[in-house]
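Per our numbering, residue 19 is the first one in the sequence shown, and the count goes up by one each step. First the structure, in the form of structure tokens, and then the observations on it.
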Amino acid sequence: MIVAAKYFPGPASFEGPVNLQTIADIGVTMVFLFYGLKLNLRTLKNDLKNWRLHLVVQISTFLLFPFIVLPLFLVFSEGENNFIWLGAFFLASLPSTVSSSVVMVSIAKGNVTSAIFNASLSSLLGIFLTPLWMGFVLATGPAQLTELSGIIVKLFIQVLLPVSTGLILNRYFSRFTEKKSPFFKVFDQSVILLIVYISFSQSFINDYFNSINSGDLLLIATLCLALFFTIYYSIGIICRKLKFNIKDTISAQFSGSKKSLVHGTVMSGVLFKGMAGVGVILLPLMIYHALQLIIVGFIANKKGEKSY
Numbered sequence: 019m020i021v022a023a024k025y026f027p028g029p030a031s032f033e034g035p036v037n038l039q040t041i042a043d044i045g046v047t048m049v050f051l052f053y054g055l056k057l058n059l060r061t062l063k064n065d066l067k068n069w070r071l072h073l074v075v076q077i078s079t080f081l082l083f084p085f086i087v088l089p090l091f092l093v094f095s096e097g098e099n100n101f102i103w104l105g106a107f108f109l110a111s112l113p114s115t116v117s118s119s120v121v122m123v124s125i126a127k128g129n130v131t132s133a134i135f136n137a138s139l140s141s142l143l144g145i146f147l148t149p150l151w152m153g154f155v156l157a158t159g160p161a162q163l164t165e166l167s168g169i170i171v172k173l174f175i176q177v178l179l180p181v182s183t184g185l186i187l188n189r190y191f192s193r194f195t196e197k198k199s200p201f202f203k204v205f206d207q208s209v210i211l212l213i214v215y216i217s218f219s220q221s222f223i224n225d226y227f228n229s230i231n232s233g234d235l236l237l238i239a240t241l242c243l244a245l246f247f248t249i250y251y252s253i254g255i256i257c258r259k260l261k262f263n264i265k266d267t268i269s270a271q272f273s274g275s276k277k278s279l280v281h282g283t284v285m286s287g288v289l290f291k292g293m294a295g296v297g298v299i300l301l302p303l304m305i306y307h308a309l310q311l312i313i314v315g316f317i318a319n320k321k322g323e324k325s326y
């Protein structure tokens, strides 16, 4: 999609009655409707008792991440690479992943039920907390954000409402959803690819990548690795202090150290709509997402070889 955006950016700039942005907006709504259909309310209720684990994961996701990145953003965001640092804080403010967290926890023989609960809870909290964090930094940083209330309303209509609708309909369509899981996966990925294409096309059209070089990419990758391991081992220390068992520790570390590319690409279309350089803003998230899958996949397989 990035290559297509570089050499064929034209379709993303078409502004007719039916355009790619409109299709992407409809796709986003459907993604979260399908996600709601996959949620099981009974399973989520049963896992509420493990509140200490849930608290560790959510605090790591929405407080520890932003507090680590915020000082760097405030120091470096006024430079020529301001969109990269904006993207770094956007990464820090996002919810955890859903499917990959659960899969990795399962491979590592961790607490899968808690992983499902925290992924779901993180997704719902992110609808409100991500725009709140971004509203704070964009109000004080180099970029401008439209009125926060309007963004929350759009997120409610485009994200929370379809998720809630899907959750209500889960009892009627759970078997259908499970049967059509391959289709939903392809649909989700297609919407993500479309959003990535639109975001990068706009950035290429406006020449916002001219200031990005291989040194910048190496810096982003290095910072992403440092951020991941700082969060991962910090959660491990907290889990030892709280005397979590190994299964809960795995669930906490895997769920609390990951960030969702799905939510990031989807929310960028809402939060940064009309803003130049969205493709650059998404760079840290894309690099972090790729690295987290490689690193956590390796750790999960090593832990999965052990017997608990």
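No residue lacks a Cβ here, since even glycine has one placed at the ideal position from N, Cα and C. In this text the structure is predicted, and so the values were computed from the model without any measurement.
- One thing to note: K277 has its Cβ no nearer than 7 Å to the Cβ of A126.
- Secondary structure note for K265: its alpha helix (DSSP H) is the uninterrupted segment 264-274.
- The Cβ atoms of N188 and L55 lie closer than 7 Å to each other.
- Around the beta-carbon of I312, fewer than 16 other beta-carbon atoms lie within 10 Å, marking it exposed.
- DSSP, read as helix, strand or coil, puts M19 in coil.
- In the DSSP annotation of this structure, the continuous segment of the alpha helix (DSSP H) that includes K197 starts and ends at 179-197.
- G297 is a Cβ neighbour of F218, given a cutoff of 7 Å.
- Beyond the five residues adjoining it in sequence on each side, I134 comes within less than 6 Å, by CB distance, of V120 in the same chain, given in chain order.
- Judged by beta-carbon spacing, H307 lies within the 7 Å limit of L279, meaning their Cβ atoms are closer than that value.
- Spatial neighbours of L243 in its own chain (CB-CB distance under 7 Å, excluding positions within 5 residues in sequence) are listed in chain order as L309.
- If you draw a straight line from the Cα of F91 to the Cα of P84, it is about 10 Å long.
- Excluding its 5 nearest sequence neighbours in each direction, S31 has C-beta neighbours in its own chain below 8 Å: S219, Q220, I223, listed in chain order.
- With fewer than 16 other Cβ atoms inside 10 Å of its own Cβ, Q207 counts as exposed.
- One Cα belongs to I20, the other to L300, and the distance between them is close to 12 Å.
- For T115, there is no enclosing alpha helix (DSSP H), as DSSP gives it neither H nor E.
- Of all alpha-carbon atoms in T115, A22, Q39, V46, the one lying nearest the alpha-carbon of M285 is that of V46.
- Under the three-state reduction of DSSP output, G105 falls in the helix class.
- In the DSSP assignment, F83 falls within the unbroken alpha helix (DSSP H) covering 83-94.
- Nearest in C-alpha terms to F201, of all of I77, F52, A22, is F52.
- Annotated three-state conformation of N37 is coil, per DSSP.
- Sequence-distant Cβ neighbours of M152 in its own chain, meaning closer than 8 Å and more than five residues away, are F107, F108, S111, L163, L289.
- Here P149 carries a helix assignment [DSSP, helix/strand/coil].
- The beta carbon of A270 sits closer than 7 Å to those of L71, V74, V75, I253, C257, F262, all from its chain and outside the five residues before and after it, given in chain order.
- In this structure, F80 and L147 form a Cβ contact; the two beta carbons are roughly 5 Å apart against a cut-off of 8 Å.
- Residue environment: V209 is assigned as buried (16 or more neighbouring CB atoms within 10 Å of its CB, all protein chains considered).
- By a beta-carbon distance limit of 8 Å, L88 does not contact P113. Their separation comes to about 17 Å.
- Of the residues assessed, F272 falls on the buried side of the cut-off, its CB having 16 or more other CB atoms within 10 angstroms.
- Per the coordinates, the alpha-carbon of N68 lies some 15 Å from the alpha-carbon of S140.
- Per DSSP, the unbroken alpha helix (DSSP H) holding L309 starts and ends at 296-322.
- Annotation for Q76: the continuous alpha helix (DSSP H) segment containing it runs 69-77.
- Pairing G128 with K291 gives a Cβ-Cβ distance that is not under 7 Å.
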